[in-house]
Amino acid sequence: MNPRIRNAILALVLMVLVALLVVPLARWQAAKPPAASPVAPPNPVVTHTHRQITFMAGPSYRVYAKEKYAVSIFGEAGAGIGKFDSGSKGIPAENLGIWPSETRAVFSVGANLDYNFYPNLAMRVTPLYLGSTWGGTIQNNLGVNLGVIYRFGRIK
69 MNPRIRNAIL
79 ALVLMVLVAL
89 LVVPLARWQA
99 AKPPAASPVA
109 PPNPVVTHTH
119 RQITFMAGPS
129 YRVYAKEKYA
139 VSIFGEAGAG
149 IGKFDSGSKG
159 IPAENLGIWP
169 SETRAVFSVG
179 ANLDYNFYPN
189 LAMRVTPLYL
199 GSTWGGTIQN
209 NLGVNLGVIY
219 RFGRIK
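All residue numbers for the sequence shown refer to this note's numbering, where the first residue is 69 and numbers rise by one.
Okay, here's the thing in structure tokens:
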């Protein structure tokens with residue numbers, strides 16, 4: 069088997085295993101009631117804090133590759149863990165008019181635009197679309213990620 073295909077399959081299997089481990093762990097953590105403070109009185113003010121964690125995996129295809137530039141596209145799907153009532157002092161998220169705290173499907177598509185400074189050092193710009201399905205509706209998000217890539221090992 070081609071080593072690149074084997075490595076991609078191993079990475080995909082590892083991401084799925086991590087997602088299968090983290091989702092039940094997050095549900096267990098969210099189910100635990102918050103500990104009451106014996107010193108501070110309860111605060112009736114609702115604070116608006118929330119968490120969203122996504123675990124996604126999917127294919128990537130290199131469209132263009134030259135010495136200085138490279139372009140690849142990707143599509144990913146997975147699970148998103150949303151905890152939207154963490155600052156609501158015990159009031160359910162649905163009663164506040166926000167999305168319920170749950171694990172739902174998420175998906176993303178985008179393109180990696182790489183500029184290679186050296187064979188092992190590059191800068192990456194990734195415009196992307198992220199869709200999430202909390203509350204039974206689709207939330208549309210557009211964004212851009214910026215990063216630096218360092219390739220370990222021998223460059224062929």
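Even for Gly, the Cβ is constructed at its ideal location relative to N, Cα and C.
query, result
"Could you have a look at Glu135 and say whether DSSP puts it in helix, strand or coil?", "coil"
"For Arg222, which of helix, strand or coil comes out of DSSP?", "coil"
"Closest by CA to Leu164, which one among Gly146, Asp153 and Gly215?", "Asp153"
"Between Ala147, Asn180 and Val174, which lies nearest to Tyr132 when the distance is taken from Cα to Cα?", "Asn180"
"What does a CB cutoff of less than 7 Å around Pro102 pick up in its chain, not counting 5 residues either side in sequence?", "In this prediction, Pro102 has a pLDDT of 49, which is less than 50 and means its spatial position is unreliable; what the coordinates show is noted afterwards. None."
"Would you kindly work out how many angstroms separate the C-alpha atoms of Ser169 and Tyr197, rounded to a whole number?", "22 Å"
"State the start and end residues of the unbroken beta strand (DSSP E) segment that holds Glu170.", "Glu170 to Tyr186"
"Could you give the DSSP three-state label for Gly199: helix, strand or coil?", "strand"
"How about Tyr129 and Ile141: do their beta carbons lie closer than 8 Å?", "yes"
"Consult DSSP for Asn70 and reduce its assignment to one of helix, strand or coil.", "coil"
"Label Thr205 either buried or exposed according to how many other C-beta atoms from any shown protein chain fall within 10 Å of its C-beta, with 16 as the threshold for buried.", "exposed"
"Under 6 Å Cβ to Cβ from Trp202, same chain only, skipping five residues before and after it: list those, please.", "Gly150, Trp167 and Arg172"
"Let's test the definition: count the other Cβ atoms within 10 Å of the Cβ of Glu135 and tell me whether it reaches 16, buried, or not, exposed.", "exposed"
"Go through its chain and collect everything with a Cβ distance to Pro160's Cβ below 7 Å, but skip five positions before and after it.", "Asp153"
"Given Phe236, which residues of its chain have a CB within under 8 Å of its CB, disregarding the five upstream and five downstream residues?", "Since the first residue shown for the chain is 69 and the last is 224, residue 236 is missing from the structure and cannot be characterised."
"To which residues of the same chain is Phe178 closer than 7 Å at the C-beta, ignoring the five residues directly before and after it?", "Checking the sequence, you will find Gly at residue 178 rather than Phe. The answer, listed in chain order, is Phe142, Thr194, Pro195, Leu196 and Tyr197."
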